[in-house]
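Here the structure is laid out as structure tokens; the discussion comes afterwards.
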Amino acid sequence: MTQLSTTLRRARKSSRVLLPYGRPHRRHLVRGAVATVFVVAARLAFPWPLRGLLEVVFHSNGAGRQGAVLAIVPDAGDPVVWLVASFAVIVIVWGVAESLQRLEFTRYAVGLVQGVRRAALRQLPAAAKEGQDAGDLIATVTSDAARVKTGTKSILIGMSRNGGFFLGVAVIVTIIAPLIGAVFLVGGLVTAVVGGYGAWRSSVIVRRSRIREGKLTGDLHGFLSGGADVVAPPAKSSRADSKATRVEGLTTLAVHVVLGASTCTILLLCVQAGRNGSLSSGSVFTILAYVLLMHNKTVSLGRSIVRLGRVLPSAERIAALARSKRRSPAAPKQVASGGTTRPRPRPYRGSRPDPAPDS
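Every letter in the sequence shown is one number past the one before it in the numbering used here, and letter 327, counting from 1, is 331.
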């Protein structure tokens, strides 16, 4: 628990440093959020035209207007045309919104990291004078900044899209069948907990790997400067990457197990509710369609949570360099005299330079 609380404290501390650099680019974040709403809405609407087509087939081949979807289809013309057209509109909206979402979230991530990198670069001279390892500084402003940019983009896209879809499905399924919605929600919450644990374990491993990476960069910098020999990367570095990948793999396996158990429970409840007549065939189809669509999306959501563990150590390092308050050369102090200010004279030290020759 001590390591977990320490990791959470580091994450909050790094977020307070990094997030202000994204304020000038928050318009991209807002646009990406709006696009995410359309992506989630299109995903949620995806099964309904298909349900309407099933209602057409099972209700006198469209002669009647029975069914939850057919009841809202316009009376003009064949309902199949309306349902197929609506399905095409949903697919087009989905594709356009997803493209805009990726573009806007990428612009936000790039702008945020550029601001953080500029702040870190301003601190480099003072950090180097204080004796901080050159290789560690180089790795921070290059590799760590690039990882934060890529991680921020992928996490924003994955977590917003899949998380919003999960919440929407949970609401719809709960409205249709509260018990099944509760099982679905519990499965998702357990998935988030498992992903969070995997992210913590991954961050502990990757943090050590980042330190070794800085040492290797310092050795290469020293060799290229002519002051040291190349030192081979330590074997532990590759083992650390393997451990982190193994943690992510085991976490993904655990997510599949949790989702598989919740899906099997939902299937049994749906069949039982369909047999006793408490759920219509259309409602059973809608629930099953959502649950099956949501399986891979929830696994992706778990991966996005685990991916935080790889990004967090890099975010900590670039944030630590950007927020460091190092002493800059002091400006001459001003003293007030007679309502005006004038520079305080500096004490004379050393010999004075020879006066410039008269021209």
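We treat Cβ as the ideally placed atom computed from N, Cα and C, and that holds for glycine. Remember, it's a predicted structure, so these values are computed and weren't measured experimentally.
Using beta-carbon positions only, say whether Gly200 and Leu305 come within less than 9 Å of one another.
-> In the sequence shown, the residue the question calls residue 200 occupies position 196. In the sequence shown, the residue the question calls residue 305 occupies position 301. For Gly200 and Leu305, no; Cβs fall outside 9 Å.
Close Cβ partners of Ala293 (< 6 Å) along its chain, the five nearest in sequence each way excluded = The sequence position of residue 293 within the sequence shown is 289, counting from 1. Cβ neighbours of Ala293 beyond the five flanking positions: Pro51.
Complete alpha helix (DSSP H) runs within the stretch 22-79 (minimum length 4 residues, chain order) = 30-49 and 51-62
Should Ile161 and Gln105 be called a contact, given that it needs their Cβ atoms to be closer than 9 Å?
-> Within the sequence shown, the letter at position 157 stands for residue 161. Within the sequence shown, the letter at position 101 stands for residue 105. Going by C-beta atoms, Ile161 is nearer than 9 Å to Gln105.
Segment contact, 8 Å Cβ cut-off, at least three pairs: the stretch 278-291 with the stretch 128-137 | no
Under the assumption that Leu141 contacts Ala131 (Cβ atoms under 8 Å), give the Cβ distance between them as a whole number of angstroms.
-> On the sequence shown, residue 141 is found 137 positions in, with the first residue counted as 1. On the sequence shown, residue 131 is found 127 positions in, with the first residue counted as 1. So it is a contact: roughly 6 Å between Cβ atoms.
Does the stretch 174-189 come close enough to the stretch 268-280 to have 3 or more Cβ pairs within less than 8 Å?
-> yes
What are the boundary residues of the alpha helix (DSSP H) that Gln136 is part of?
-> The residue given as residue 136 occupies position 132 in the sequence shown. That residue, Gln136, is in no alpha helix (DSSP H); it is neither H nor E in DSSP.
Who are the near neighbours of Ala196 in its chain, counting only those whose CB is closer than 8 Å to its CB and skipping five residues on each side?
-> For the purposes of this step, residue 196 is identified with residue 192 of the sequence shown, where counting begins at 1. Leu305, Gly306 and Ile309.
Drop a sphere of 10 angstroms on the beta-carbon of Gly155, count the other beta-carbons inside from all chains shown, and report buried for 16 or more, exposed for fewer.
-> On the sequence shown, residue 155 is found 151 positions in, with the first residue counted as 1. Looking at its Cβ environment, which holds 16 or more other Cβ atoms inside 10 Å, Gly155 is buried.
Could you give the DSSP three-state label for Ala101: helix, strand or coil?
-> Residue mapping note: residue 101 aligns to position 97 of the sequence shown, counting from 1. Helix at Ala101.
How many whole angstroms separate the CB atoms of Thr146 and Ile322, which I take to be in contact at a CB cut-off of 8 Å?
-> As a working mapping, residue 146 is identified with position 142 in the sequence shown. As a working mapping, residue 322 is identified with position 318 in the sequence shown. About 10 Å; that fails the 8 Å criterion.
Which value, in whole angstroms, describes the spacing of the CA atoms of Val73 and Leu312?
-> Here residue 73 is taken as the residue at index 69 of the sequence shown, counted from 1. Here residue 312 is taken as the residue at index 308 of the sequence shown, counted from 1. Computed Cα separation, rounded: 41 Å.
Length of the line joining the Cα atoms of Ile96 and Ala89 = One-based indexing of the sequence shown puts residue 96 at position 92. One-based indexing of the sequence shown puts residue 89 at position 85. Those two C-alpha atoms are separated by around 11 Å.
Using three-state DSSP, classify Ser383 as helix, strand or coil.
-> Coverage of the chain is limited to positions 5 through 363, which leaves residue 383 absent and any answer about it impossible.
State buried or exposed for Lys337, treating a residue as buried only when at least 16 other CB atoms are found within 10 Å of its CB.
-> Within the sequence shown, the letter at position 333 stands for residue 337. Bear in mind that the predicted position of Lys337 carries a pLDDT of just 42, short of 50, making it too unreliable to give a figure here.
Can you find at least 3 beta carbon pairs, one from the stretch 32-47 and one from the stretch 108-128, that sit closer than 8 Å?
-> yes
C-alpha gap between Val261 and Leu171, whole angstroms | As a working mapping, residue 261 is identified with position 257 in the sequence shown. As a working mapping, residue 171 is identified with position 167 in the sequence shown. Near 20 Å, if we compare the C-alpha coordinates of Leu171 and Val261.
Stretch-stretch touch, CB-based, cutoff 8 Å, three pairs: the stretch 262-269 with the stretch 12-31 = no
Quick one: measure Cβ to Cβ for Leu58 and Phe289, integer angstroms, because I've assumed they're closer than 8 Å.
-> Sequence index remark: in the sequence shown, residue 58 carries index 54 (1-based). Sequence index remark: in the sequence shown, residue 289 carries index 285 (1-based). Confirmed, Cβ separation roughly 6 Å.
Cβ-based neighbour list, Val251, same chain, cut-off 7 Å, excluding 5 preceding and 5 following | Here residue 251 corresponds to residue number 247 of the sequence shown, with the count starting at 1. The residues are Gly202, Arg205, Ser206 and Ile209.
Return the residue from the list Pro317, Thr269, Leu189 and Leu254 that minimises the CA-CA distance to Thr377.
-> The requested residue 377 does not occur in the structure, where the chain is confined to residues 5 to 363.
Taking the C-alpha atoms as reference points, what is the distance between Glu102 and Ile179?
-> Numbered from 1 along the sequence shown, position 98 holds the residue referred to as residue 102. Numbered from 1 along the sequence shown, position 175 holds the residue referred to as residue 179. Computed Cα separation, rounded: 27 Å.
Cβ of Ala326 within 9 Å of Cβ of Ala15?
-> In the sequence shown, the residue the question calls residue 326 occupies position 322. In the sequence shown, the residue the question calls residue 15 occupies position 11. Cβ distance not < 9 Å, so Ala326 and Ala15 don't count as in contact.
Compare the Cα-Cα distances from Gly192 to each of Ala324, Ala258, Arg47 and Pro53 and report the closest residue.
-> For the purposes of this step, residue 192 is identified with residue 188 of the sequence shown, where counting begins at 1. That would be Ala258, whose Cα lies nearest to the Cα of Gly192.
Excluding five sequence neighbours on each side, which residues of the same chain lie with their C-beta closer than 6 Å to the C-beta of Ser18?
-> Position 14 of the sequence shown, counting from 1, holds the residue named residue 18. Excluding positions up to five away in sequence, the list reads Ala319, Glu320 and Ala323.
Less than 8 Å between the CB atoms is what I'm expecting for Val44 and Phe169, so what's the real figure, rounded?
-> Within the sequence shown, the letter at position 40 stands for residue 44. Within the sequence shown, the letter at position 165 stands for residue 169. The Cβ separation is near 5 Å, so the contact holds.
Under the rule that 16 or more other beta-carbon atoms within 10 Å means buried, what is Arg55, buried or exposed?
-> Taking the sequence shown and counting its residues from 1, the one referred to as residue 55 is at position 51. Buried, because 16 or more other Cβ atoms sit within 10 Å of the Cβ of Arg55.
Count the other CB atoms, across all protein chains shown, that sit within 10 Å of the CB of Arg331; report buried if there are 16 or more and exposed otherwise.
-> Position 327 of the sequence shown holds residue 331. Residue placement at Arg331 is flagged as unreliable, the pLDDT there being 40, under the threshold of 50; a coordinate-derived value is accordingly withheld.
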